[in-house]
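K.L.:
Mind having a look at this structure? Questions to follow.
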Amino acid sequence: TIRAPTATLARLRVGELTPEQIRRWQAITESVADSDVLVVRRPDGQLTSIAGLVQGFGPDAVQFDLDGQTIPVPWERLAGVRFFHANEPELAAPRAVVHDSAGGRWLASQIRFAPGDKALGLVLQCGVTVDLGLEELAEIDFSVGTMKSLVDLPPLASSATEGFGFRVPVPGVDALFGPRVVTGTAGGAAQEDRGIEFLGGGEIAYRLPAGFSRLVGAVELRPEGQRFTPVVFRILVDSDVVWEVTLDQPHHSVSFDVPIRDDARLKLEARPRAEVPLGAVVLVHQPRLLR
């Protein structure tokens, strides 16, 4: 069960729309408005908009104030509603991330539960209330606010290894072979393993946000076949090497926990120990910034 105050809603779409109707819906809902807008289905199938004020929702119709007169608009006539908010709603501070068995993630500002309840009551940051059945619950993570995933930061720079043997610059080689964000699973389907993969080596750099003191995670040499090339993996903070390991055992994870500082430049680099980096696939598991 999901309950949402209208102050938290931006758009509400009703029923299926054709591709042509979707284009019209997007044009209406993305235009500038200073009031609520009803998107109504005309008899010919076209969509039209009516500006006014939504006063309430009933089982059969939406109560809509049009120039001071309240009129009921049947649900079957509606394609949707665009809500006007003079000010952006303030988001409550998150307290936990709740994972459900279907892989969903709910950022909750409050969690309500009493002995005998068959569902967990979640109040999301925007004020929406969700009842999540206990049988749907997979995990509750209370580390939110104290941790940030490195892969959520935009990289400053990213490049592939120089060990492919190209004699001239090749357009697109960094996009094809450079470090990339990957998502797998660890410890169950609801727990994401979001990491950075290096194909044959390379480097990626980030600007660190304020308020975090440590970078933690793990790194692993993960070749696709039996043959592989050892790789030297380094973590640098403002050009200083703060951690280094030689990965010469495939599928063996090595953990790291290194100090960082505000606004520093962080660089992760993988350097194969061969000119042709055969099987030099490196995976950085769940790199996270901790306070």
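Residue numbering for the sequence shown is 2 to 292, as defined by this note's numbering.
Backbone N, C-alpha and C define an ideal beta-carbon position, used for all residues, glycine too.
1) Just the C-alpha distance for P73 and H86, rounded to the nearest angstrom, thanks.
2) Check the DSSP bridge columns for K149 and list the partner residues they point to.
3) Should S144 and V124 be called a contact, given that it needs their Cβ atoms to be closer than 8 angstroms?
4) Check whether the stretch 240-249 touches the stretch 196-205, counting contact only when three or more Cβ pairs, one atom from each stretch, lie closer than 8 angstroms.
5) Do you know offhand how far Q227's Cα is from V282's?
6) I'd like the list of long-range same chain contacts for R42, defined as Cβ closer than 6 angstroms, with 5 residues on each side in sequence excluded.
7) How far does the alpha helix (DSSP H) with A28 in it extend, from its first residue to its last?
8) What are the complete beta strand (DSSP E) segments, minimum 3 residues, inside the stretch 205-267?
9) Does the Cβ of A161 have 16 or more other Cβ atoms within 10 Å, making it buried, or fewer, making it exposed?
10) Between which two residues does the beta strand (DSSP E) carrying P73 extend?
11) For H100, which beta-bridge partners are listed by DSSP?
12) Measure from the alpha carbon of E270 to the alpha carbon of each residue in L284, G117, V33, then state which is nearest.
13) Does the beta-carbon of G306 have 16 or more other beta-carbons within 10 angstroms, so that it is buried, or is it exposed?
14) With respect to the beta strand (DSSP E) encompassing V55, which residues constitute its N-terminal and C-terminal limits?
15) Based on the DSSP secondary-structure assignment, which residues constitute the bridge partners of P155?
16) Look at the alpha carbon of A219 and the alpha carbon of A115, and state the distance between them as a whole number of angstroms.
17) So which of I261, D258, R223 has the shortest CA-CA distance to P251?
18) Kindly indicate which three-state DSSP category L13 falls into: helix, strand or coil?
19) Could you round the C-beta distance between V99 and I51 to whole angstroms and report it? I think they count as a contact, below 8 angstroms.
20) With DSSP as the reference, label L92 as helix, strand or coil.
21) My output table needs one value for R43: the three-state DSSP class, helix, strand or coil.
P.N.:
Taking the coordinates as given:
1) 22 angstroms
2) L290
3) No, the Cβ-Cβ distance between S144 and V124 is not below 8 angstroms.
4) The stretch 240-249 is not in contact with the stretch 196-205.
5) 12 angstroms
6) R78, A80.
7) 20-30
8) Here the runs fully enclosed are 215-222, 232-238, 241-248, 255-260.
9) buried
10) 70-75
11) R106, E140
12) L284
13) Outside the displayed span of the chain (2 to 292) sits residue 306, for which this structure offers no information.
14) 48-58
15) Per the DSSP secondary-structure output, P155 pairs with nothing in a beta bridge.
16) Roughly 38 angstroms between the two C-alpha positions.
17) R223
18) Strand, per DSSP.
19) No, V99 and I51 are not in contact; Cβ-Cβ is about 38 angstroms, not under 8 angstroms.
20) coil
21) coil
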